[in-house]
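What follows is a set of notes on a single structure, which appears directly below.
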């Protein structure tokens, strides 16, 4: 299963609507990095509202996606992080300290504008 990646102006929007398994997470990572490269997007909003829990592998992939996107010149904003997901990320030592967050997709786009100085 592939996670849809939408382009809006110079941003990519992703709303993860299903629990992630390892294969889907790796495919998402590859797809997102390819899209950043192809579209030269400067910002990415990843909405996690529907993700209620993640395991250690998915948490690592999510952290890697944020880091890799940054290396490619795209700022990532995470939205809709559920309490269990936040706890898992911190418990596993996934560094998200410098990653902007927002409550929902709309606020995430506003936050991305602010982060990029647009």
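Numbering (the numbering used here), first residue to last: 100 to 217.
Cβ atoms here follow ideal geometry from the backbone N, Cα and C, with glycine treated the same way.
Keep in mind it's a predicted model, so treat the numbers as computed, not measured.
Query: Residue span of the beta strand (DSSP E) that contains residue 178, given as start and end; Result: 174 to 178
Query: Residue 204 versus residue 174 - alpha carbon distance; Result: 15 Å
Query: Extent of the continuous alpha helix (DSSP H) to which residue 160 belongs; Result: 155 to 170
Query: For residue 207, the nearest candidate out of 114, 103, 100 (CA to CA); Result: 114
Query: N-terminal and C-terminal residue of the alpha helix (DSSP H) that residue 209 is part of; Result: 204 to 215
Query: Nearest-angstrom beta carbon gap, residue 132 and residue 233 [assumed within contact, 8 Å]; Result: Residue 233 lies beyond the residue range present for the chain, which begins at 100 and ends at 217; the question has no answer from this structure.
Query: Per-residue burial, residue 149 [other beta carbons within 10 Å of its own, 16 or more giving buried]; Result: exposed
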